[in-house]
Amino acid sequence: MSDSANLPEEAVTANMAEVKNKIARAARDAGRGAGDISLVAVSKMHDLARIRPALEAGHRQFGENRVQEAQAKWPELRAAYEDIELHLIGPLQTNKVKLAVGLFDVIQSLDRPKLAKALAREFDRSGARPDCFIQINTGAEPQKAGVAPGEADEFIARCREDYGLPIAGLMCIPPFDEEPSLHFALLAKIARRNGLAALSMGMSADYESAIALGASHIRVGTAIFGQRPSPAKPV
Ligand SMILES: *Cc1c(COP(=O)(O)O)cnc(C)c1O
0 MSDSANLPEE AVTANMAEVK NKIARAARDA GRGAGDISLV AVSKMHDLAR IRPALEAGHR
60 QFGENRVQEA QAKWPELRAA YEDIELHLIG PLQTNKVKLA VGLFDVIQSL DRPKLAKALA
120 REFDRSGARP DCFIQINTGA EPQKAGVAPG EADEFIARCR EDYGLPIAGL MCIPPFDEEP
180 SLHFALLAKI ARRNGLAALS MGMSADYESA IALGASHIRV GTAIFGQRPS PAKPV
């Protein structure tokens, strides 16, 4: 029996199907196509036994928030399954840029000039060009990563013009204790005025409202994989 979490591994398949149904319903209610919304299954802190059922069910987009954890898990899964698209959704230190660019297909957590510069240099060196999302700190929380909303336009322009980065869109993580839809609407507004198509917003608790407000990517962990094991436990 897995000690990875309190949910049987078979439940992952059923949860995945349920989340996909809810996405389809939320998309229909918003007059959108379900195919316009990418479900990034957030597998952080879950082991391979829990991730494999999602892959077996045909799912291919996953998110991890730590570079070293992704490095420990995903090369083996990539060797076994084709067309995996791996998204980095957590903070990226510049000393891990090279490793991250080798591992991830999409980097959702571009949040500062120093990182933009390091990514540009590594893209040039390696020839890899993962799509980038700029993380916006929509709640202006001091402890949270992301560009302040008031500095977003300038930072987006700098990433595009000075660094030539492939900026696909914006990402946000709303404050825990606030109505997320206000933050989703703010993110959508910043994206619109900067001509950015992709919006990564919405997690297990609020992805349906994110879809209503235009999310192109939702990042769902708990609703698919169950509760994450505590970090102290050996995996
Ligand atoms: C963990 C995480 C998620 C998934 O959260 P759930 O509530 O488990 O769906 C989404 N986005 C980011 C950035 C995360 O770190």
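Residue numbers for the sequence shown follow numbering that gives the first Met the number 0, so the first one is 0 and each next one is one higher.
Built from N, CA and C at the ideal position, the CB exists for glycine as well.
Residue i and residue j closer than 7 Å at C-beta
{"i": "A144", "j": "D110", "result": "yes"}
{"i": "P90", "j": "C131", "result": "no"}
{"i": "G149", "j": "A187", "result": "no"}
{"i": "A117", "j": "V146", "result": "no"}
{"i": "R65", "j": "E84", "result": "no"}
{"i": "L87", "j": "A71", "result": "no"}
{"i": "A209", "j": "I217", "result": "yes"}
{"i": "L174", "j": "G138", "result": "The residue you asked about is not Leu; residue 174 is Pro in the sequence shown. The answer is yes: Cβ separation under 7 Å."}
{"i": "A25", "j": "E178", "result": "no"}
{"i": "A79", "j": "M15", "result": "no"}
{"i": "L181", "j": "A190", "result": "no"}
{"i": "A33", "j": "I22", "result": "yes"}
Beta strand (DSSP E) segment containing residue i, residue limits
{"i": "G168", "result": "166-170"}
{"i": "G62", "result": "60-63"}
{"i": "D130", "result": "130-134"}
{"i": "S229", "result": "Taken as a continuous stretch (DSSP letters only), S229 belongs to no beta strand (DSSP E), as it is neither H nor E."}
{"i": "Q107", "result": "105-109"}
Cβ-Cβ separation, residue j to residue i (assumed contact under 8 Å), whole Å
{"i": "A53", "j": "V105", "result": "Actually they are not in contact, since the Cβ atoms of A53 and V105 sit about 17 Å apart, beyond 8 Å."}
{"i": "I36", "j": "S42", "result": "So it is not a contact: roughly 19 Å between Cβ atoms."}
{"i": "A115", "j": "Y162", "result": "5 Å"}
{"i": "M170", "j": "Q107", "result": "5 Å"}
{"i": "M200", "j": "V219", "result": "With 8 Å as the limit, M200 and V219 do not qualify as a contact, their Cβ atoms being about 12 Å apart."}
{"i": "E75", "j": "L47", "result": "7 Å"}
{"i": "F61", "j": "A29", "result": "Not quite, the Cβ-Cβ distance comes to about 25 Å (not below 8 Å), so this is no contact."}
{"i": "W73", "j": "L102", "result": "6 Å"}
Nearest residue (CA-CA) to residue i, options the options
{"i": "F154", "options": "I172, I135, Q142, E140", "result": "I135"}
{"i": "E9", "options": "Q92, F224, P228", "result": "F224"}
{"i": "R159", "options": "I133, R227, H182, I172", "result": "I133"}
{"i": "Q67", "options": "Q92, E81, D82, R77", "result": "Q92"}
{"i": "A151", "options": "S215, R27, N193, F103", "result": "N193"}
Cutoff 7 Å: residue i Cβ touching any chain C Cβ
{"i": "R49", "result": "Going by chain labels, chain C is absent from the structure shown, which holds only one protein chain."}
Residue i, enclosing alpha helix (DSSP H) - first and last residue
{"i": "V96", "result": "96-102"}
{"i": "E121", "result": "112-125"}
{"i": "D152", "result": "151-160"}
Closer than 6 Å: residue i CB and nearest ligand 2 heavy atom
{"i": "M202", "result": "In the structure shown, ligand 2 is absent; the only ligands present are ligand 1."}
query = What runs of the alpha helix (DSSP H), each 4 residues or longer, lie entirely inside the region 20-94?
reply = 47-55, 66-79
ask   = Which parts of the region 175-222 are runs of the alpha helix (DSSP H), unbroken and 4 residues or longer, counting only runs that do not cross its ends?
value = 179-192, 206-211
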